[in-house]
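Taking our numbering, I'd label the letters of the sequence shown as residues 71 to 153. We treat Cβ as the ideally placed atom computed from N, Cα and C, and that holds for glycine. Since we're looking at a predicted model, the values are computed, not measured. Right, one structure below, let's go through it.
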Amino acid sequence: MEVNNEYSPYQAGDIVFVFYRNPHTQNVANIQEAAVVNNPENPNELALFLYDTYYPLTNELAVYSSEAEAELAYQQYFGDVFL
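Pasting the structure below:
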């Protein structure tokens, strides 16, 4: 897992949009707003804060800077239906 901070266009305080899969129903995905924050376990790294949980901001995550951009990607990956 490569940390994306050195070349990341994001900084702490940014609001971004990600696809979030329901942990109880894996075939359900939503576009969710998340905050970019300093990782509390490693302040030199960035993390996403989503549903009271910190997720390391890595290049393995699909992160979008606008909801419209996330919606377009969602349609490409999952079709026209928003869940």
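- Cβ-Cβ separation between Glu115 and Asn109: approximately 4 Å, consistent with a contact (criterion under 8 Å).
- DSSP lists Ala117 as the beta-bridge partner residues of Val107.
- Rounded to whole angstroms, the gap between the alpha carbons of Pro126 and Val88 is 13 Å.
- Taking 8 Å as the cut-off, the Cβ atoms of Val86 and Val106 count as close.
- Per DSSP, the beta bridge partners of Ala99 are Arg91.
- For Phe119, same chain residues with a beta-carbon under 7 Å away, outside a window of 5 residues either side, are Ala104, Ala105, Val107 in chain order.
- Inter-residue distance for Glu137 and Glu111 is about 28 Å (C-alpha atoms, whole angstroms).
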